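Written out below as structure tokens is the structure these notes cover.
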Amino acid sequence: MRSKIKDSPKNLPPAPWKLPLVGHLHLLMFSLPHHRLTELAKRHGSLMHLQLGELSHIVVSSPEAAKEVMKTHDINFATRPYLLVAEIIAYNFSDIGFAPYGDTWRQLRKVCTLELLSMKRVQSFRSIREEQVSSLIRSIYSNTGLGINLGEMLCNSSYNITLRTAFAARCKQHDAFISITRKLVEAASGFSITDLFPSIKLLPMISGMRAKLEMWHQDLDAMLESIIEEHRARNANTKDSDDVTDDLVDVLLNLQDHGGLEFPLRTENIKAVILDMLIAGTETSSTAVEWAMSEMIKNPRILEKAQAEVRQVYDRTGDVNESDLHELKYL
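Residue numbers (the working numbering): -12 to 318.
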């Protein structure tokens, strides 16, 4: 949670000693941020105030305090902070992840929950997931006895699944799309001095960050515009639309034309929401699987038990399919 210093309340939680201008930035240098924050929280409590540059942050470190923030008082903390990358890439905060809390955000969340991620919609993409998982397994098997970069393979598979879910077929600029998206994930999740000193308007230009983000945005926008126009042309020539087989772009275009929404769904919203799906649905999924594999490798007993269960369930058919997932009770 963060806000500008001038807007910060006086009744703040405990805080470490700080320096002028930079505040507590020096405390997070030369160490992993989550390790350092854990050390500081042990000294200053589960609610701790940190000033990073011009911005005031509250660090929440206990389950009880997190519940108060994320459940009891969630509406008070619902609006996301300003990020330069979100302003440029998300079409001036036209997406779900960074849109300010309000009626438009609630409508986008409803669209996401009821249309894009409904059980019926998720099940309609089952064949895509099974095909990509089988391809991943074949790729790993073909490298038997050799070293592999499992994280990279998982990430590529995750991107392939999400892109096909969004666009139905492999887009013409598939590799370029993935390359730019991964750069955006790195930019959004990394440290940015421009976001910590928002009053210095020239900083994004001096650092080169704005120019870089705008270049990526232009490339992505051209690809998304081409994909959307292809979908519009295809749908115009199709008399009967099978809602079950629609990809995510089809769903959003149909809502734009016939959804009867309270707030019109702009093309910028469609592009921004699609990017949300790609960014949120790829790196997070592949990273979770990679860490799960890492933990099992460090615990051979757990790994052997999980392997035995997978072999017992899937050796019968020889294929990995979702209909048998419920039998993997241990995994």
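Each residue gets a CB set at the ideal place from its N, CA and C atoms; glycine is no exception. These numbers come from a predicted model, not from an experiment.
What is the residue span of the beta strand (DSSP E) that residue i lies within?
| i | result |
| --- | --- |
| Ser45 | The question names Ser, yet the displayed sequence has Ile at residue 45. Where Ile45 is concerned, the enclosing beta strand (DSSP E) stretches over 42 to 47. |
If you compare alpha carbons, which of the options is closest to residue i?
| i | options | result |
| --- | --- | --- |
| Gln205 | Tyr146, Ala77, Gly177, Ser121 | Ala77 |
| Leu200 | Val172, Asn222, Arg221, Pro185 | Val172 |
| Tyr317 | Met283, Trp92, Lys54 | Met283 |
| Glu212 | Leu24, Ala53, Glu255, Phe17 | Glu255 |
| Ile75 | Val300, Gly268, Val297, Asp208 | Asp208 |
| Pro1 | Val72, Val47, Gly40 | Val47 |
| Ala223 | His161, Tyr88, Asn241 | Asn241 |
| Phe164 | Ala174, Asn147, Ile180, Thr131 | Asn147 |
| Ala52 | Lys159, Val236, Ser273, Leu34 | Leu34 |
| Asn(-2) | His36, Gly246, Glu41 | His36 |
| Asp263 | Thr149, Asp234, Trp203, Pro191 | Thr149 |
| Ala156 | Glu296, Gln119, Val56 | Gln119 |
| Ser166 | Thr152, Asn143, Ser176 | Asn143 |
| Gly246 | Lys97, Val297, Gly132 | Lys97 |
| Lys29 | Ile214, Ser49, Gln38, Ser145 | Ser49 |
| Asp61 | Tyr88, Trp203, Phe178 | Tyr88 |
| Ile214 | Trp203, Val236, Lys54, Met202 | Val236 |
| Ala267 | Ile83, Asn63, Leu15, Val56 | Ile83 |
| Ser179 | Gly132, Pro191, Lys170, His21 | Pro191 |
| Thr91 | Ala275, Pro251, Arg303, Ile289 | Pro251 |
| Met210 | Asp162, Met16, Thr181 | Asp162 |
For residue i, write down the residues that DSSP places opposite it in a beta bridge.
| i | result |
| --- | --- |
| Met35 | Val46 |
| Leu6 | Gly10 |
Compute the Euclidean distance between the alpha carbons of residue i and residue j, then round it to the nearest angstrom.
| i | j | result |
| --- | --- | --- |
| Glu117 | His313 | 15 Å |
| Ser186 | Trp4 | 24 Å |
| His44 | Asn308 | 45 Å |
| Glu217 | Lys292 | 48 Å |
| Lys258 | Lys58 | 30 Å |
| His11 | Leu19 | 15 Å |
| Ala220 | Ser194 | 41 Å |
| Pro68 | Ser81 | 14 Å |
| Gln243 | Phe85 | 21 Å |
| Asn286 | Gln294 | 12 Å |
| Ala65 | Leu265 | 22 Å |
| His13 | Arg23 | 11 Å |
| Ser121 | Asp306 | 8 Å |
| Val9 | Met202 | 30 Å |
| Ser176 | Val300 | 38 Å |
| Asp311 | Pro7 | 59 Å |
| Glu296 | Ser273 | 22 Å |
| Cys158 | Glu139 | 20 Å |
| Met106 | Arg298 | 28 Å |
| Arg169 | Val260 | 16 Å |
| Ala174 | Gln38 | 21 Å |
| Arg253 | Ala73 | 17 Å |
| Met16 | Ala275 | 26 Å |
| Leu315 | His31 | 43 Å |
Residue range of the alpha helix (DSSP H) that residue i falls in?
| i | result |
| --- | --- |
| Met264 | 254 to 267 |
| Ser122 | 113 to 129 |
| Ala86 | That residue, Ala86, is in no alpha helix (DSSP H); it is neither H nor E in DSSP. |
| Arg219 | 196 to 223 |
| Asn241 | 235 to 245 |
| His161 | 161 to 176 |
| Arg298 | 287 to 301 |
| Phe154 | 137 to 154 |
| Glu74 | 71 to 76 |
| Asp311 | Element bounds for Asp311: n/a, residue is neither H nor E. |
| Asp182 | 180 to 183 |
Under the assumption that residue i contacts residue j (Cβ atoms under 8 Å), give the Cβ distance between them as a whole number of angstroms.
| i | j | result |
| --- | --- | --- |
| Gln94 | Leu248 | 6 Å |
| Leu141 | Glu277 | 6 Å |
| Val238 | Leu103 | 6 Å |
| Met280 | Leu189 | Contact doesn't hold; Cβ gap of about 45 Å is too wide. |
| Leu183 | Glu41 | 6 Å |
| Leu71 | Arg197 | 7 Å |
| Ile115 | Ile127 | Their Cβ separation, rounded to whole angstroms, is 19 Å, which puts Ile115 and Ile127 out of contact at 8 Å. |
| Phe154 | Asp234 | 6 Å |
For chain C, check one thing: does any of its Cβ atoms lie closer than 8 Å to the Cβ of residue i?
| i | result |
| --- | --- |
| Ala275 | Among the chains in the structure shown there is no chain C, since it carries only a single protein chain. |
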